[in-house]
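Encoded as structure tokens, the structure appears first; notes follow it.
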Amino acid sequence: MKIPAPPKGRAGKEVSSKSPRPSTAETEGPEESTEGREPSHLTSVRHWSTPDYTRIAIGLEREVQFEAQRIENPERIFFDLLNTNLTSSLLGKTFDVDDGLLTKIRVAQFQPGKSRIVLEVADGSDYRTSVLTDPPRLIIDIAVRTLRARRRCREPP
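Take the sequence shown: its letter number 89 is residue 88 in numbering that gives the first Met the number 0, and every next letter is one higher.
If you want it as structure tokens, here you go:
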């Protein structure tokens, strides 16, 4: 099943690697404040590798807002999931992937109420995010930039 990419240019759906300010995920319908709510738990981290991309699925109890930023030397992308706590089985967990696009996934409780996912990625990689609601999860796809550009050229208008 192919997950449609979020529309570009809308705050919160995707943060470019050159964006100095991280943005926050949008939810459908009226905007809800996370203040005063019990933190959601980050329940799982799963990943799949294909020849074209690597997919990471972050399982959650309910939808959350997140911020993302890319850092160079070494290349990595981090996601701060706001108003979340890790389940005890994920505290300090590291997943070795080494598939050519993604080297490692690290999970940590960055601050109380803020979980952090760090993806160690290959140079020249790009990423897309999408938020799915049933069950709630954050989907992150890592792909090579040139591959995406090639695909756009081949797709009919």
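For each residue, glycine too, the CB sits at the ideal point set by N, CA and C. For clarity, every value in this text was computed on a predicted model and none was experimentally measured.
Checklist entry - In whole angstroms, what separates the C-alpha of Pro50 from that of Val120? => result Position 51 of the sequence shown, counting from 1, holds the residue named residue 50. Position 121 of the sequence shown, counting from 1, holds the residue named residue 120. One C-alpha to the other measures close to 15 angstroms.
- request: To the nearest angstrom, report how far apart Asp125 and Ile76 are at their CA atoms.
  value: Start at 1 with the first residue of the sequence shown, and residue 125 comes out as number 126. Start at 1 with the first residue of the sequence shown, and residue 76 comes out as number 77. The straight-line gap from Cα to Cα measures roughly 10 angstroms.
Notebook entry, point to check: Just the Cα atoms here: how many angstroms apart are Ala142 and Lys92?
Noted result: Against the sequence shown, residue 142 aligns to sequence position 143. Against the sequence shown, residue 92 aligns to sequence position 93. Going by the C-alpha atoms only, they are around 23 angstroms apart.
Item checked: Strand pairing of Ser113, partner residues [DSSP] -> By one-based count along the sequence shown, residue 113 stands at place 114. Sequence check: residue 113 is Lys here, not Ser. Its beta-bridge partners are Leu81, Gln110.
Is the beta carbon of Gly123 less than 8 angstroms from the beta carbon of Arg105? Taking the first residue of the sequence shown as 1, we reach residue 123 at position 124. Taking the first residue of the sequence shown as 1, we reach residue 105 at position 106. Cβ atoms of Gly123 and Arg105: not closer than 8 angstroms.
What is the C-beta distance between Leu137 and Ile57, in whole angstroms, given that I count them as a contact (C-beta under 8 angstroms)?
-> Reading the sequence shown from its first residue, position 138 is the one you call residue 137. Reading the sequence shown from its first residue, position 58 is the one you call residue 57. A Cβ-Cβ distance of about 4 angstroms is found for the pair Leu137 and Ile57, placing them in contact under the 8 angstroms criterion.
| query | Taking the Cβ atom as the reference point for each residue, do Ser87 and Val63 lie within a distance shorter than 8 angstroms? | reply | Here residue 87 corresponds to residue number 88 of the sequence shown, with the count starting at 1. Here residue 63 corresponds to residue number 64 of the sequence shown, with the count starting at 1. Not in contact: Ser87 and Val63 (Cβ atoms no closer than 8 angstroms).
Checklist entry - What are the partner residues of Pro135, as DSSP defines its beta bridges? => result The residue you call residue 135 lines up with position 136 of the sequence shown. According to DSSP, which records beta bridges pairwise, Pro135 is partnered with Thr132.
*Any idea what DSSP makes of Thr26, helix, strand or coil?*
Counting from 1 along the sequence shown, the entry for residue 26 is found at position 27. The pLDDT assigned to Thr26 is 36, lower than 50, so where the model puts this residue is not dependable, and the model offers no usable value.
Limits of the unbroken beta strand (DSSP E) element including Gln68: Numbered from its first residue, the sequence shown carries residue 68 at position 69. From DSSP, the beta strand (DSSP E) with Gln68 extends over 65-70.
Let me check one thing: in DSSP terms, what residues is Val143 bridge-paired to? Residue numbering aside, residue 143 sits at position 144 when the sequence shown is read from its first letter. Per DSSP, Ser124.
- Query: If you check the beta carbons only, do Leu90 and Leu41 fall under 8 angstroms apart?
  - Reply: Taking the sequence shown and counting its residues from 1, one reaches residue 90 at position 91. Taking the sequence shown and counting its residues from 1, one reaches residue 41 at position 42. For Leu90 and Leu41, no; Cβs fall outside 8 angstroms.
Starting from the C-beta of Asp140, find all residues in its chain whose C-beta is less than 6 angstroms away, skip the five residues before and the five after it, and write them out in chain order. For this step, residue 140 is matched to residue 141 along the sequence shown. By the criterion of a C-beta distance shorter than 6 angstroms, Asp140 is surrounded in its chain by Tyr52, Arg54, Arg127, once the five residues flanking it on both sides are discounted.
Quiz prompt | Glu30 classed as buried or exposed, judged by whether at least 16 other C-beta atoms fall within 10 angstroms | solution = What you label residue 30 is simply residue 31 of the sequence shown in a count that begins at 1. With a pLDDT of only 45 at Glu30, under 50, the local geometry of the prediction cannot be trusted, and no value is derived from it.
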